[in-house]
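Participant: Chains as they are written, first to last, in this note's numbering: chain G, 32 to 1004; chain U, 2 to 1054. C-beta atoms are modelled at their ideal positions from N, C-alpha and C, and glycine is treated no differently. This structure is in structure tokens; I'll ask about it shortly.
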Ligand code: SF4
């Protein structure tokens, strides 16, 4: 049976000359002979449009199917008894990657492992073009380890659509002819070279076939000619062109763009909708649509299309804007809805494994879980894990979550990084989900998300075959990405609407009464062409040159660019009304830079206006959008607050972290810790948030598990000193040289062994590693610090005086202040030596290279405030003749930095601190972001920065004295 | 700029050669504003015109420049140049002469051409050729600052904890020190490090016998030597304690002899530590690289290294050369050695041995590699060394590889500006190494312009330090400008002015001063400011963060204090009484609290509530937040820009389209807060403030230089040891203590000075018409300073008393009436007013469309919903509707679809045997994993033997299962009925019988009769619609039947 090949210059001509009549014949065929009619369309949009067109003409349609390619394949499978095509492409990627990964010495395999999708795509192209039939070519493109896979893929995989198509074609050709199907094919052309078998199958199974093909155009002539040739080679065709009825409005421009010199004929000029910014573009397009609708209010069948490169910010924003205005439209591009909670939970689970089962990822997983399950797991873990981290300094979940229920969860989540076989993988998956203890319904839903994955994997992997962890995680991740989501179109979305948002391919295969080509910026589209590294253009061309009759062409990257180009030209010609280019005048990321017109817009401009770029620049327009207003009161309040915060003359006030007096302040505000005093001077704002609101920044969740080496070294050394000097409790032991010698000789080393064992035991619970290099380094440094302190004590005269020792002693006091409530403080002193007539309070410093502290600097500008506090505490607690000093790891003891006699020196300080405590006056001293001196406070994100100079002034006028740190960036020479 | 002038510029010959002689390679030395972009595009146009011998020539083009933006500009201008309608040799694509086919081919090829940065090109090479070497298949770029974060995360993850580190090494270096070394190596060439000598075994303890402090002559030094001696012994003691940390002792004594012995004692140990730590650090860095590569995350340095690995592979190098790329490199002065190497190697002859050129051997093939640069403008000293650039220039100079051309005419600057630049640089300056100053020439019709020197008055005595002096300078300039306005330059808007200074901090200070004291509108283009510092960015991000993490009280406080202006005692009172939160409930509000707090919390609550609703998304949340919190109004009330809000909105939409969850998006936003914000312009009429670095490639009618005399000294950071240093042949080495002598320092200073001179050159040549230099050269000089002056004025040997003659004193106000020479093509934006009434009308009109009806929707809706509730596997929408995409589509085929698919193939026309065979065969056809398999098989069996089946088979002449139909009912608007009829039976007499399958399940306590009745009630309208449509097509429907698969019986309706 010959196939009728009808070529058309414009889509409209095909309609008038045969297509409409063919469609009208469908109902009769169905009801009298029982024959179905299939109109195979180029795109889904075209199928819908064809149907609408016939309905509009009042034609009743029975038994007429409108089929785009994917539906065609399905229908053919049903008709010819082939299994339905599958869609789990990710499984193939995993198989390819895994097979290639097993042969690390083969360079081709290494490459495939890196880019399995690209390789599969190349293979698909080759297969569709019939090159894999040839044993030599097969061997050339498929490395040996992947050959059995490739054969199976081609012969039986339902996911391998090219194979499905081929089998359909074979079956259709072999099957007895049935007289029950009329087929018409519309608009399939060169871009369909990858689906030749599908087309052939449809034609072979039909009783009559007509094919409407666009005439080849200059933009891509070679390939389009190739298509017609191929078609004629394969099918015995009766070939005749459709009569040309229409004279498209933009024919002249299209002709010029194609290079046909029509300079004397005036060309229709496309319009420009160039916004000053991206947002302006959206407004301009929406406004233009509204105007077009009102101008064509009675042309019910006139349609306007907004053509967009893909689903992107513009398409979504535009759809929403139209919805806001109540303009019904059909969004053929759709939106991608927020991933459902179950999918996010799965993603967090996969991320947990991808991030090596870290504690931070574990917390994130629990946080996502917490959005749907209301128990306090997440809160409990966010409290527990950081504390465990403080002890163990390990970022791994299995180390930190050592207690129930978290230990079980972590165990249940297992480690997916190891190579395992598929049944263990599945088991791991099920167990992990179980470990999260979710409601049954949720569990079911989660399993359903990944259900189809397993059978398709089971087809490919032997039960004992191992899948590497990294590959597995990559696969699951991709499978999650591939979960199809509904296309929500918004409330005003409607089929058959007069305003349509569509992609270029979809729009180019229909006719329109107005077109807006949006995002017409060079930075957006047309997309650059990218070659497939496994099958570069050069190779494609070489293969094409040797192809046999009837063998399809392999399209090159530049052929594809040509196809885009033909789509654009077809769009232009299929528009019987205004055609606009819409674009942004500035780049979204850096709006002061001009954005360029894209190739299509630029060329159209060049062909129609004398100075294209100037026209473009002059077209930039700004739109006005109404904004939600603020009451005058509110606005002036905000301004007043802001101004007072930035005014150096205004002291810190109710809007600047002064809280007091508070009716019922929490304990932390009623008594300041000695160490807090230092913070109060350096980072008062940070402290205010912490003390008043018990709030600290959680902006950087990772920082919970960030090691603070210096701090941990200090803590360990303190602990050892405590155990060595006062093993039996307070004031039981006397300080003498032999005690210190013993500590140096074995005491410290013994302590280190105890600590190391302890740590090993704690980490052992989870796994069997000796202390890590990091811990070795920390213990080594702690030992050095403890030894230095001990040596310093030994070297000082204090060692001989038989002081009674107490360590880590807690003291508190309310210090009377004249004309004011007292200052309440408390503190824990590192080492307190009690003699008959004197008391020495010592603070350990683990700093290795300290400058000796000048006694006169203590207490000035907030320096060494804890020492002053210890002095006050010692005095208030009646310790005899106290003096306070430092033991540092890098020098001799300074045992008398402050003493009784200094008391009066600190009167003002005492008054000031008491005032701060009463007024709860914190203020702020550090800027928000570290300047040159590296100093800043961690403040909430929304905080508006206030300059350091202003803060200093404010501190002065608030009676807080000068700031502690002077910053002078450059020294004057 | 770059408009070709009627008179040819003086260097026209060189230009023409570059454009025309496309089969030769050229190095073009082009001064500032020389119009190299134009030249490059014209060269490409000539290439296109001559491509006869190679039809795919344009697709082989590789145009590399320094920024993505510049590359895009180049591409557009190339296209423009190619398509220019004016016929002639430069417009090969103009309509005349070239066949249409050709023209289209050229355009297609041009799309295959590469226009981008060197890094983009490396990525392309890695993607196309790297697979075979195991390089990432989908490489993406990590910015250097992201790399730091990634390193932090990596080291914290414990990934290095099990790395073997020699115990002895940990005695001398702390773990973080090793990490720091490793971080330094993270982007280094690790293979080179691997080839360093092994550390060998741990040496014996040093012997200090030779160390004798008493031998030091100078008393002061002797004391130091004694201390050093003691420390050395203390350290030796520490060394005796097994396992304790004992970092090497430091030397403080200045005596050369003592130092030599001291170092000598430690030499062996030092060498061991240095080598061993380098090894460990390299191992760490290697793990980090593996980690990055596994994720396809490549830093700039990685890209270059990967690309070089490609060059190292002879097979791949050959393949790359065979591609026949034509490289044009722009901004070549900022291209480092490795980049040059990549671009030149790939254009050399197929068999040229790697790495021989430019010193020797065959250079790039003729016509395949040209570069354009200006070493005067080389200001990215950290990346590119002018010496490398010079090597290539020299090679071309000697005629090896190509020829040398010079463009010395500037298309940008006015005559006086050119003159001033020449005076300062050609006459006033001592020669820089590797950089040769070329005298600039103005273009033939260049305006005269002016260069003004602005005296800065004596500072007040209290301004003794640098900072106040600078504020004094900025203040006096600001006042001068305020008095004159832009009119002083013949301009009518501030945006014709740019203020350029070498340091961002200076600019910020001056900008603040100008806005505050002189009300001069200012916009800062600076690259280092963090988003945290800009409320336009930090406010919306904080708001979103709080919505996503409602329990984060810290950020909530920020939002309430700043956005809403709630007072601190009020917040404290609320926190201490009822609690401060808005989700899930708003706690009881403490007495005395203002409506402000309550409103704010309520608003946040409502917004958060949105997140639980269907169809919620990142951008919708953002939009709602904007409206509910009146963010735009709040920001504008305080005078902040709001353009960032639009930018964020676009980002939200992008995130949505990428399938990112709202939470993930907000998390990413918060994480990137420390990065600089996008540059957004709000007020067009403002003076632009920018650094010299930023100014590159830009130009302004008026340029004003601030801080001419202010010292440029880099913040002298103390060097910390151990540190990485470049040893011989560029390989890294670990240095444990300072080894540099003062000669090195001097050299460094010279290098710095040279770089600053180039900065000054770039700054001065930004001016098109006016250059204004406030002469602060004497302002910062304090008495008795000895060291050479490191400031712009000092660098060019500026003499206050006798400034170069081109610099004239600025005329007093009113005296100068410059002719209007300035043009700023900033299109004053036409406002597009959109009339709300118009939109309302449009909305009305848009309703006039056919009402599409699927018959299943005619079924009573409540029943449909019930059906869905009852049987979760049955979707609400019609699965047979072509547009239907199941929400949880992966969850298996729905039962209804399965049933319909099976029945579609039912052999109606065959005999009883055929039907029972079919039933048997289908059990094989339904996959084992299909959820509904059992049910389907059972119900199919029942159906095959049912009465209904029997009747259908008996009475039909023609069977049409699953037949689509569509039909229009006229009306205004018309109704279009479309659907799929389950089974159409055409009887011999021509009448039709329609049958519909219903897979609804029997409810609890529902009898068979009740189910059938329910089905009839529900679906009768649907069948009626079918019948109506068939009648329109000319068939009378005489029977309508619903078949319940669950019951195996049917009911007519
Ligand atoms: S700096 Fe400007 S004038 Fe100079 S070459 Fe680049 S684009 Fe052309």
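Can you name the residues that DSSP bridges to residue 856 of chain G?
Facilitator: Here residue 856 of chain G refers to the residue found at position 825 when the first chain is read from its first residue. Answer by DSSP bridge pairing, in chain order: G/703 and G/844.
Participant: Can you tell me the Cα-Cα spacing of residue 788 of chain G and residue 381 of chain G, whole angstroms?
Facilitator: By 1-based counting over the first chain, the position of residue 788 of chain G is 757. By 1-based counting over the first chain, the position of residue 381 of chain G is 350. Distance between the alpha carbons of residue 788 of chain G and residue 381 of chain G is about 34 Å.
Participant: When you check each C-beta in the segment 545-571 of chain U against every C-beta of chain G, which residues fall closer than 7 Å?
Facilitator: For the segment 545-571 of chain U, which is checked against every Cβ of chain G, the residues closer than 7 Å are 546, 553, 554, 555, 556, 558, 559, 560, 563, 564, 566, 568, 569 and 570.
Participant: With DSSP as the reference, label residue 28 of chain U as helix, strand or coil.
Facilitator: Position 27 of the second chain, counted from the start, is the residue given in the question as residue 28 of chain U. Three-state DSSP puts residue 28 of chain U in a strand.
Participant: Are there 16 or more other CB atoms within 10 angstroms of the CB of residue 986 of chain G, so buried, or fewer, so exposed?
Facilitator: Locating residue 986 of chain G in the first chain gives position 955, where the first residue counts as 1. Result: buried.
Participant: Are the CB atoms of residue 212 of chain G and residue 67 of chain G nearer to each other than 8 Å?
Facilitator: Here residue 212 of chain G refers to the residue found at position 181 of the first chain. Here residue 67 of chain G refers to the residue found at position 36 of the first chain. Taking 8 Å as the Cβ cut-off, residue 212 of chain G and residue 67 of chain G qualify as a contacting pair.
Participant: By Cβ distance below 6 Å, which residues in the same chain neighbour residue 238 of chain U in space, the five residues on each side in sequence not counted?
Facilitator: Here residue 238 of chain U refers to the residue found at position 237 of the second chain. Answer for residue 238 of chain U: no residue qualifies.
Participant: Report the neighbours of residue 516 of chain U on chain G: residues whose CB is nearer than 9 Å to its CB, in chain order.
Facilitator: By one-based count along the second chain, residue 516 of chain U stands at place 515. Under the 9 Å cutoff, chain G gives no residues; its nearest Cβ is about 13 Å from residue 516 of chain U.
Participant: At which residues does the beta strand (DSSP E) containing residue 901 of chain G begin and terminate?
Facilitator: As a first step, residue 901 of chain G is located in the first chain; it is residue number 870 there, counting from the start. No beta strand (DSSP E) contains residue 901 of chain G, which is instead part of the alpha helix (DSSP H) from 896-907.
Participant: Is it right to say residue 901 of chain G is buried, meaning 16 or more other beta carbons lie within 10 angstroms of its own, or is it exposed?
Facilitator: In the first chain, counting from the first residue as 1, residue 901 of chain G sits at position 870. It is buried - the Cβ of residue 901 of chain G has at least 16 other Cβ atoms within 10 Å.
Participant: Whole angstroms is fine: what's the gap from residue 1042 of chain U's alpha carbon to residue 1048 of chain U's?
Facilitator: If you number the second chain from 1, residue 1042 of chain U lands on position 1041. If you number the second chain from 1, residue 1048 of chain U lands on position 1047. For residue 1042 of chain U and residue 1048 of chain U, the distance between alpha carbons rounds to 14 Å.
Participant: For the segment 648-663 of chain U, which residues have a CB atom closer than 7 Å to at least one CB atom of chain G, in sequence order?
Facilitator: Cβ contacts with chain G come from 648, 651, 654, 655, 657, 658, 660, 662 and 663.
Participant: Where do the ends of the alpha helix (DSSP H) carrying residue 476 of chain U lie?
Facilitator: Translated into the one-based positions of the second chain, residue 476 of chain U becomes position 475. From DSSP, the alpha helix (DSSP H) with residue 476 of chain U extends over 467-485.
Participant: Short of 8 Å Cβ to Cβ, which residues in the segment 131-153 of chain U face chain G?
Facilitator: Per Cβ criterion, the list reads 131, 132, 133, 134, 135, 136, 137, 138, 139 and 153.
Participant: Here's the rule: buried if 16 or more other CB atoms are within 10 angstroms of the residue's CB, otherwise exposed. What is residue 213 of chain U?
Facilitator: To locate residue 213 of chain U, count along the second chain from 1; it is residue 212. Flag for residue 213 of chain U reads exposed.
Participant: Does residue 82 of chain G come within less than 8 Å of chain U when only Cβ atoms are used?
Facilitator: Looking up residue 82 of chain G in the first chain gives position 51. Yes, its Cβ sits closer than 8 Å to a Cβ of chain U.
Participant: Identify the continuous alpha helix (DSSP H) that holds residue 471 of chain G and give its terminal residues.
Facilitator: As a working note, residue 471 of chain G is residue 440 in the first chain. First-last of the alpha helix (DSSP H) with residue 471 of chain G: 471-481.
Participant: Quick one: list the residues of chain G neighbouring residue 674 of chain U, beta-carbon separation under 9 Å, in chain order.
Facilitator: Numbered from its first residue, the second chain carries residue 674 of chain U at position 673. Correct list: 730 and 972.
Participant: Pull up the DSSP beta-bridge partners for residue 876 of chain G, would you.
Facilitator: Within the first chain, numbered from 1, the residue matching residue 876 of chain G stands at position 845. Answer is G/919.
Participant: Inspect the CB distances between the segment 836-852 of chain U and the segment 357-376 of chain G and report whether three or more fall short of 8 Å.
Facilitator: Yes, the segment 836-852 of chain U touches the segment 357-376 of chain G.
Participant: Just mark residue 241 of chain U as buried or exposed, buried being the case when its beta carbon has 16 or more other beta carbons within 10 Å.
Facilitator: For the purposes of this step, residue 241 of chain U is taken as the residue at position 240 of the second chain. Flag for residue 241 of chain U reads exposed.
Participant: Are the CB atoms of residue 115 of chain G and residue 189 of chain G within a distance shorter than 8 Å?
Facilitator: Counted from its first residue, the first chain places residue 189 of chain G at position 158. Counted from its first residue, the first chain places residue 115 of chain G at position 84. Cβ atoms of residue 189 of chain G and residue 115 of chain G: closer than 8 Å.
Participant: When the cut-off is 8 Å and only beta carbons count, does residue 129 of chain G lie next to chain U?
Facilitator: Here the question's residue 129 of chain G lines up with position 98 in the first chain. By this cut-off, residue 129 of chain G is not an interface position.
Participant: With a threshold of 8 Å between beta-carbons, can residue 68 of chain U be considered close to chain G, or not?
Facilitator: Residue mapping note: residue 68 of chain U aligns to position 67 of the second chain, counting from 1. Answer no: the Cβ-Cβ gap between residue 68 of chain U and chain G never drops below 8 Å.
Participant: Going by other Cβ atoms of all chains shown within 10 Å of its Cβ, with 16 needed for buried, is residue 826 of chain U buried or exposed?
Facilitator: Here residue 826 of chain U refers to the residue found at position 825 of the second chain. Summary for residue 826 of chain U: the model assigns pLDDT 46, below 50, so the residue's position carries little reliability; its value from the coordinates is reported in the next sentence. The residue in question, residue 826 of chain U, is exposed, as its Cβ has fewer than 16 Cβ neighbours within 10 Å.
Participant: For the alpha helix (DSSP H) containing residue 668 of chain G, list its first residue and its last residue.
Facilitator: Within the first chain, the letter at position 637 stands for residue 668 of chain G. Note, residue 668 of chain G: alpha helix (DSSP H), 663-677.
Participant: Rounded to whole angstroms, how far is the Cβ of residue 315 of chain G from the Cβ of residue 652 of chain G, which I believe are closer than 8 Å?
Facilitator: If you number the first chain from 1, residue 315 of chain G lands on position 284. If you number the first chain from 1, residue 652 of chain G lands on position 621. Sure, about 6 Å apart at Cβ, within 8 Å.
Participant: To the nearest angstrom, how far is it from the Cα of residue 478 of chain U to the Cα of residue 518 of chain U?
Facilitator: As a position in the second chain, residue 478 of chain U is number 477, starting the count at 1. As a position in the second chain, residue 518 of chain U is number 517, starting the count at 1. Roughly 12 Å separates the two Cα atoms.
Participant: How big is the Cα-Cα spacing for residue 879 of chain G and residue 919 of chain G?
Facilitator: For the purposes of this step, residue 879 of chain G is identified with residue 848 of the first chain, where counting begins at 1. For the purposes of this step, residue 919 of chain G is identified with residue 888 of the first chain, where counting begins at 1. Each residue's Cα considered, the two are about 7 Å apart.
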